[in-house]
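Q: Just so you know, the protein sequences line up as chains A and Z, in that order.
As numbered in our numbering, the first sequence has no gaps in its residue numbers, which increase by one up to the final residue, 980.
As numbered in our numbering, the second sequence has no gaps in its residue numbers, which increase by one up to the final residue, 1198.
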Amino acid sequence: MSSISDKSSPMLWRGLEELSSSAEIAEYLHREFAKDASIWGELDDETNRREFLKIMGASIALAGMPACTKMPQEKIYSFSGQENIAQGRLFFASSSSYRGYAKGVLVESHQGRPTKIEGNELHPASLGTTDIFTQAEILRLYDPQRSKGVLHFGEITSWEAFAEEIAAKLPALAQSQGEGLRILSGTTTSSILAHQISLLLKKMPKGKWHSYEPINGDNVLEGTKFAFGQDLRPIYFFDRARVVLSLDADFLGPNIAQQAYARQFIKRRKIQNGTITKQAFNRLYMIEPSVSLTGSMADHRIALKPSQMLGFATALALELGLRLEEKEAPLWTKAYKRQISIIAKDLIENAKESIVIAGEQQSPALHALSHAINNLLGNQNKTIEYIPPPEANACNQSASFKELVDDLNNNKVEVFLILGTNPAYASPKNFRFAELIKKAKLKIYLGLYEDETSYLCDWHLPESHFLESFGDLRAFDGTISFQQPLISPLYDTRTSSELLAIFLGMREQSSFKILKEYWTSNRLSEDVFLQALHDGLLRNSRFAATPAKLTKDWQIKTLKEQLPKNNLEISFKADPTVGDGVYSNISWLQELPKPILQLCWDNAALLSPKTAEKLGLKDEDKIELRLNDYHVEAPTLIVPGHPDDALTVHFGYGRTRSYLASGRGFSAFEIFNGNYFSTGVQIKNLHEKWELARTNLHYRMENRELILRGSLNDYLKDPSSIVPQSVRAPGPSLLPKRENADHAWAMVIDLNSCIGCNTCTIACQAENNIPVVGKAQVQKSREMHWIRVDRYYEGGIENPKTLFQPVPCMHCEKAPCELVCPTVATVHSSEGLNQMVYNRCIGTRYCSNNCPYKVRRFNFLQYADMKTPNMRLMYNPNVTIRSRGVMEKCTYCIQRIEEGRIKSRLENRDIKDGDITPACAQACPTEAITFGDKFDSSSKLAGLLKLPLNYSVLHELGTLPRTTYLAKLSNENPRWKKEG
Amino acid sequence: MPQLFQRRSNTIAKLSLIVIFLTPLVVFFVFAVTIRSPYETEVDVALSQPIPFSHEHHVGDLDIDCRFCHSFVENSHIAGMPSSKTCMTCHSEIWKEAPMLKPLRESFASLNPIAWNQVNRIPRFVYFNHNIHIKKGIGCSSCHGEIDRMPLTKKSRTFFMSDCLTCHRNPELFLRPSNQIYNPSYIKPDDQIIIGEKLLEKFGTHKKHLTDCYSCHR
């Protein structure tokens, strides 16, 4: 490690390895491809050169033979009575659920099959875009491992048998007024569910409804209770804020309002028409005990230990002049005195135009403090509003769960109904839920998958996916959102509302009938209801802001001095891609490189370079984490910018009863005790390796200057100073000149807007039938994503700046790949697209070797699943499924270009700007990707190309890429010169 | 010691040289002929169908428009097969007891569509759109042949890539006026090139893009 810190760092770097001087690492870095990329060892270890030649000889001799086989005879049918499904793509509005909250979607349907999920422009939590989880829901619908039938003690049975048993139980339950009836759900915003449960509990008043998810909003609710004396949820308006101070709030990362917040925040950073004023541009300060997407976007970032967060906030509050009972900030904050006064000054100067936001997992005290600061700055009702919690069962979930566990322990639970949550895995270990659940008499589990909890239950009832059911939810701002099915249930599944209907004595009630009856009885007229169902939401139904007045004694019990102790601290967070385990069976999300960490298929204990050095740890070391009486084995991952003397671990891995995720990573729940931050964690080096699949060094471009960036001040002084003129003028080239036809497709990616969320990657995967390759193949640098989001660091390893760059195919006008293909499998289209013809490709991989951007992906093995019937239903029928030995890459979503073209030609008009949107651009929450016609001077794209921030990557090669970038601007506070 | 090689060896040696060079050519030739033969391409081979439907009778004799049965062709990438309801508009009145039409009556009663064997097929990596071809002056019979003379439906073309390219390279040689699209026995006029050029302009078809790979392959 010492070799790392000694060396001066290059301008941009991707991994600590690059800063190291070890010969082995230098060799690794110098290879263009992973070490055994050219070896087919995994096929057969015995295979040697002679064997290879034999097989090759035979292959060549027999190459023509497949042409002799006839195409299989196929049947064609009429779509009688379903004429509309013949018309290609149709879209239906619905709502996906993220942690119980609605995100509006439009689902694309091909001949009756949902194949792709897009955002719903009308919906406040979507704004026409999606997040990675929403995109991946389509794979969950068709997941062959979803549970398919009712199981009773593991034996296949039926819903009728279940209904019989419940019908037999109901009279006794009603007699005892529901004594011993317990219902456990996750966070939910469904009015239907709340209504049904309240009906049930009216009949059986001694029953109870508990809600629990390990990642919950308890601290937010407690915080508002402290501050305002009532249960409220803050919603923020980042587009109204000039200065944002985030105290560990990852509002740009996965959260219930990710798209809305990201859009608002980036709105104050976009250079749209070449103009931006200093007033319009926002500034973000991030104080965090870990690393996050929001931290990467910050203009100034301070990494603190978890226990220091409250102390820092107290010092800031005092500096702002907030009257606290605590007159002195903790002593250690003196070290940050300068930064604190700078932030305070900036906040005061921008009073009523600033936001102080506390992280969901931070203590209630910190939340209360942030509300008080916002109140002091006059931000309330300007940049922040408070609304009643949209949750249907708003409660302190941890307390609710504790009560349930106690009841279980005291044998008070007779009938235990679990709705779609998995506490046997996802709950604090010291609650011993998995043991205590056995004490319940009748355990009923409704869920999409068989999992840790379902194995402990008597009845496993398969749940319908949201694309198979009617339902309702609320968005983060309270907007009523509706779900409608795109397909009838693939298996013998039912929704939670249909299950509760059984408990209410109505056996065969469809989710539609339940939904319609609820909403049209004294709530909405039938027309309004049907329109809302069509739109996916009830317009203008968000909660109005509740007046919230700071209580006099808001800080009682809150601000207790929390002196940082000199031992190792740990923070628990949801995994950036698989959440708390809800998404762990979705292979797309498993293989998606986690933002910043660039880790696939595993989680790890994250620690800073300095801490690792102190503990004598390297990357991918197996360690034992011990917290109080619990312990777990984990791999290490050194993360630049992580606070020292602290660890971060993610939930969601270490599953034991999940088809895809079992045995991957480690379960942070093993040492979780309900507190998101703990001190006194002990580490033991087990002196073993735990190999991880990381993509941070894949497809490197040899430390060349790929991300141009500058400060807002420099830009305002001279807009052309960020991107030198020499980079903007096309360089000389020996490659042939091309003439263009009517259109010149091009793409501009605004690095200033990119938050690194990876949604583009997943959207592309869903649209273009991109296969998943698995951990072993990722380790060999064989991941197939057509658009990758590269992560770069700038500056020292202590607190580097993090930069993101999405890289799709550049569609070079003078493409180096085209010249080297021996079979002319990659050629230029008249409109400037670099076309890949799969049928001509024989897999020499010359094109990939010659591609300076490393955007071509090769099917080393048969990655695409062509056999599983479910998967065949899911594939986009307009995109060829590639087989082994074929090169592939981004096509700019040619199927959408052609569809747009055909549509416009049918209407006898030219293609308009906005007719064609590739999947990545459509999904991007911040509209960082713009696609269009270069020749159309009125297009949005042409406007962006004219900006002085526009540049092409590796400009000096003269490839004239059609994909270009807008340089990134930062808005540092001039007072903040020396990094803290 | 006698001669090791007899006099005829010379001839054999010469012949074998010729054979060695000829064999690959012959193999190639046989192969090339085979893949173009109806055995392989199924051109002019009538497939067996659940009902021996005659286009000759329905189109040729009765003059029923293509769109009466293939009703999606103007709105969709697929032409669409008629539902049994469409057939029953007439066949509930005529030939209603015919044993030949038993599958139709069963389908109508059970709502299960009839499973026809697909005659005109293109590979999966080709994305063909009926809609745009119909709207831009390509008639049905350009690809499907003189359907009004087919008692049993059969392929009239190989649907090789070269078939598509002849037209995609020079669409003006094949374009028809819009009112002739559904005419199965349309005959090109003598001044096709002049008419074709005019139609090309009228339809606003951009020739250059038609030969891009991505026009058909995605």
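C-beta: ideal position from N, C-alpha, C; glycine also.
What first and last residue would you give for the beta strand (DSSP E) that runs through P234(A)?
A: R233 to Y236
Q: Along the alpha helix (DSSP H) that carries W690(A), what are the first and last residues, could you check?
A: Note, W690(A): premise wrong, no alpha helix (DSSP H); not H, not E.
Q: Could you have a look at D714(A) and say whether DSSP puts it in helix, strand or coil?
A: Reduced to three states, the DSSP call for D714(A) is helix.
Q: Is the beta carbon of N381(A) sitting closer than 8 Å to the one on I355(A)?
A: I355(A) is positioned such that its CB atom lies no closer than 8 Å to that of N381(A).
Q: Measuring only the C-alpha atoms, how far is S176(A) from M204(A)?
A: 8 Å
Q: Suppose you measure from the CA of V1013(Z) to the CA of R840(A); what does that come to, to the nearest Å?
A: Taking the straight line from one Cα to the other gives about 22 Å.
Q: Going by other Cβ atoms of all chains shown within 10 Å of its Cβ, with 16 needed for buried, is S938(A) buried or exposed?
A: exposed
Q: Quick check: what's the CA-CA separation for L530(A) versus I570(A)?
A: 49 Å
Q: With distances taken from CA atoms, which of A303(A), S109(A), I897(A) and A61(A) is nearest F1008(Z)?
A: A61(A)
Q: Against G88(A), what residues of chain Z qualify as contacts under a CB-to-CB distance less than 7 Å, listed in chain order?
A: Here the neighbours are S1056 and H1057.
Q: Give the straight-line distance between the Cα atoms of C1088(Z) and H1124(Z), rounded to the nearest whole angstrom.
A: It is worth fixing the name first, because residue 1088(Z) is Phe in this sequence and not Cys. Whole-angstrom Cα-Cα distance: 28 Å.
Q: Could you name each continuous beta strand (DSSP E) segment of 3 residues or more that falls completely within the region 607-672 of chain A, going from the start of the chain to the end?
A: 621-627, 630-638 and 646-650
Q: What does the alpha-carbon distance come out to for the pair E526(A) and F470(A)?
A: 16 Å
Q: Taking 8 Å as the cut-off, decide whether the C-beta atoms of A574(A) and G674(A) are in contact.
A: The answer is no: Cβ separation not under 8 Å.
Q: In this structure, does DSSP put L284(A) in helix, strand or coil?
A: Annotated three-state conformation of L284(A) is strand, per DSSP.
Q: Kindly provide the ranges of any beta strand (DSSP E) runs that are 3 or more residues long and lie completely inside the region 305-376 of chain A, ordered along the chain.
A: When DSSP assignments are scanned along the region 305-376 of chain A, the uninterrupted stretches of beta strand (DSSP E) that are 3 or more residues long and fall wholly within it turn out to be 354-358.
Q: Could you spell out where the alpha helix (DSSP H) holding N834(A) opens and where it closes?
A: Looking at the DSSP string, N834(A) is not in any alpha helix (DSSP H); the run it does join, the beta strand (DSSP E), is N834 to M836.
Q: Report yes or no: do three or more beta-carbon pairs, one from the region 229-243 of chain A and one from the region 269-282 of chain A, lie closer than 8 Å?
A: With the rule of 3 Cβ pairs closer than 8 Å, the region 229-243 of chain A counts as touching the region 269-282 of chain A.
Q: Report the CB separation of G1040(Z) from H1050(Z) in whole angstroms; it is logged as a contact under 8 Å.
A: Contact flag wrong, Cβ pair sits at about 16 Å.
Q: Taking the CB atoms as reference points, tell me whether W1096(Z) and P1032(Z) lie closer together than 8 Å.
A: no
Q: For P428(A), does the three-state DSSP call read helix, strand or coil?
A: coil
Q: So what's F162(A) in DSSP terms, helix, strand or just coil?
A: For F162(A), the three-state secondary structure derived from DSSP is helix.
Q: Please classify K7(A) as buried or exposed, where buried requires at least 16 neighbouring CB atoms within 10 angstroms.
A: Low local confidence applies: a pLDDT of 39 at K7(A) is under 50, so the model's placement there is unreliable, and no value is given.
Q: Which of the three DSSP states is assigned to L751(A) in this structure?
A: coil
Q: Any Cβ of chain A within less than 8 Å of the Cβ of M1200(Z)?
A: The question about residue 1200(Z) has no answer, for chain Z in this structure spans 981 to 1198.
Q: T546(A) by DSSP, collapsed to three states: which one?
A: coil
Q: For F470(A), does the three-state DSSP call read helix, strand or coil?
A: coil
Q: Would you list, in chain order, the members of the region 1084-1112 of chain Z that have their beta-carbon closer than 8 Å to a beta-carbon of chain A?
A: L1091, P1093, I1094, A1095, W1096, N1097, Q1098, R1101, P1103, R1104, F1105, Y1107, N1109, N1111 and I1112
Q: Going along the chain, which residues of the region 831-859 of chain A sit with their C-beta nearer than 8 Å to a C-beta in chain Z?
A: E831, L833, Q835, V837, Y838 and N839
Q: Ignoring anything shorter than 3 residues, give me the beta strand (DSSP E) runs that lie fully in the region 465-545 of chain A, in order along the chain.
A: 471-474 and 480-483
Q: List the residues of chain Z that F162(A) touches, going by C-beta distances under 8 Å, in chain order.
A: Under the 8 Å cutoff, chain Z gives no residues; its nearest Cβ is about 31 Å from F162(A).
Q: Between the C-alpha atoms of I1127(Z) and T1138(Z), what's the straight-line distance to the nearest angstrom?
A: 16 Å
Q: Suppose the cutoff is 8 Å on Cβ atoms and the five residues either side in sequence are ignored; what does the same chain contact list for I1058(Z) look like?
A: F1052 and H1110
Q: How many angstroms separate the CA atom of L181(A) from the CA atom of N696(A)?
A: Roughly 50 Å separates the two Cα atoms.
Q: Under three-state DSSP, which class holds M887(A)?
A: strand
Q: Using DSSP with H/G/I as helix, E/B as strand and the rest coil, what is E42(A)?
A: Interpretation of E42(A) is limited by its pLDDT of 49, a score under 50 that renders its predicted location unreliable; no figure is taken from the coordinates.
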